[in-house]
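As structure tokens, the structure follows; a few thoughts come after it.
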Amino acid sequence: TACSSKYVLSALHPMWQGPLVAPGGNRQSPIDIRVRKSVFDPHLKPLTPDYDPRTCSQIWNNGYSFLVEYDDTTDKSTLKGGPLEDNFRLCQFHFHWGESNAWGSEHTVDRRLFPAELHMVHWNSDKYSRFEEAVMEENGLAVIGVFLKIGKRHEGLQKLVDVLPAVRHKDSVVEFTRFDPACLLPSNIDDYWTYAGSLTTPPLTEAVTWIIMKQHIEVSHDQLAVFRSLLFTSAEEEVQKSMVNNFRVQQSLQGRTVRSSFT
Ligand SMILES: Cc1ccnc(S(N)(=O)=O)n1
Ligand SMILES: [Zn+2]
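Going by my numbering, the sequence shown wraps up at 673, each residue one higher than the last.
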């Protein structure tokens, strides 16, 4: 679908040679969320995700993470509310994780690292007609971030874990249908932090309203181990590289305020 557009793919290599900080970037992501410095905003509304599992289309390994892609040609899977003024369309979700359970997330909370982080990527369908357009605009994207902790097995995630071996290599794709991404959200989605940031992989555009959930979800050690069995490299390459540590270094806040929806 649109949100896996080629130029995003081409620059998504883990050791991408691009600048670690976008030139002139003053709202880069990820960041450390200093809880005591976040500002409660009573005007923040509840978040209202409304996803249709029938829009789920495929899973593919883009050489940086694995993406679960949704048909974003209609307003069937949408996100509204929270800090958002407009209607946003889900186009894909993916994860970032470490080689060990000690690290892996992109955002941190008072410097606390999590073993992995889920990103659900949406684009502003009130203002733009496709992802590629929205990705270049200030209010173009909204990404929900959810921290993963090691604990009990996540039953909803298992359907996804079972198909990962089929996309072990970069550029492999498999059909994947009827997956409800709402099953990956924590039970409480009313408590979140939000701030103006960027994509954390190229093109690093400063187009993202980040919505980071306070409550994490749990996945089992074995489920996360399957993420680490994926490869950055394609089937043709001689040297196979494990897909681990696919997170970006933290960026400075540069005067931004992180708002919280809770006290
Ligand atoms: C769609 C997309 C591209 C690049 N980076 C991201 S991310 N990691 O900021 O969610 N998403
Ligand atoms: Zn991401």
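Here a beta-carbon is modelled for each residue, glycine too, at the ideal position from N, C-alpha and C.
CB of residue i to nearest heavy atom of ligand 1: below 6 Å?
| i | result |
| --- | --- |
| His532 | no |
| His529 | yes |
| Leu609 | yes |
| Val654 | no |
| Val553 | yes |
Under 7 Å, do residue i and residue j count as touching if we go by C-beta distance?
| i | j | result |
| --- | --- | --- |
| Asp485 | Cys501 | no |
| Thr611 | Met546 | no |
| Ser487 | Trp603 | no |
| Gln438 | Gln661 | yes |
| Val478 | Phe503 | yes |
| Val556 | Ile627 | yes |
| Asn497 | Asp460 | no |
| Asn471 | Ser582 | yes |
| Phe378 | Cys466 | The chain is shown from 411 up to 673; residue 378 falls before or after that span and cannot be answered. |
| Ala552 | Leu494 | yes |
| Glu516 | His532 | no |
| Met653 | Leu641 | yes |
| Ser644 | His579 | yes |
| Arg658 | Tyr605 | no |
| Leu558 | Pro596 | no |
| Val577 | Val584 | yes |
With a threshold of 7 Å between beta-carbons, can residue i be considered close to chain D, or not?
| i | result |
| --- | --- |
| Gln568 | The displayed structure is made up of one protein chain only, and chain D is not part of it. |
Return the Cβ separation of residue i and residue j in integer angstroms, given the expectation that the two are a contact with Cβ distance under 8 Å.
| i | j | result |
| --- | --- | --- |
| Asp442 | Arg521 | 6 Å |
| Asn655 | Glu509 | 6 Å |
| Phe450 | Phe672 | 7 Å |
| Val629 | Ile560 | 7 Å |
| Leu523 | Gly492 | Between Gly492 and Leu523 the Cβ distance is about 25 Å, and since that is not below 8 Å, they are no contact. |
| Arg669 | Leu489 | With a Cβ gap of about 17 Å, Arg669 and Leu489 do not count as contacting. |
| Arg563 | Gln625 | Not a contact, Cβ separation roughly 18 Å. |
| Gly550 | Asn534 | 5 Å |
Could you tell me which residues DSSP puts in a beta bridge with residue i?
| i | result |
| --- | --- |
| Thr619 | Ala552, Ala606 |
| Asp442 | Thr518 |
| Arg499 | Thr488, Trp533 |
| Val356 | Nothing can be reported for residue 356, as the shown portion of the chain is limited to 411 through 673. |
| Ser652 | Leu641 |
| Val629 | Ile560 |
Please specify which runs of the alpha helix (DSSP H), each continuous and at least 4 residues long, are wholly inside the region 505-551, giving them in chain order. 541-544
Going residue by residue through the region 558-599, where are the continuous alpha helix (DSSP H) segments of at least 4 residues, counting only ones entirely within it? Within the region 558-599, the complete alpha helix (DSSP H) runs of at least 4 residues are 565-573.
Where in the region 455-493 do unbroken runs of the beta strand (DSSP E), each at least 3 residues long, occur, reported from the N-terminal end onward? If we require 3 residues or more, the beta strand (DSSP E) runs fully inside the region 455-493 come out as 457-460, 466-471, 476-480, 488-491.
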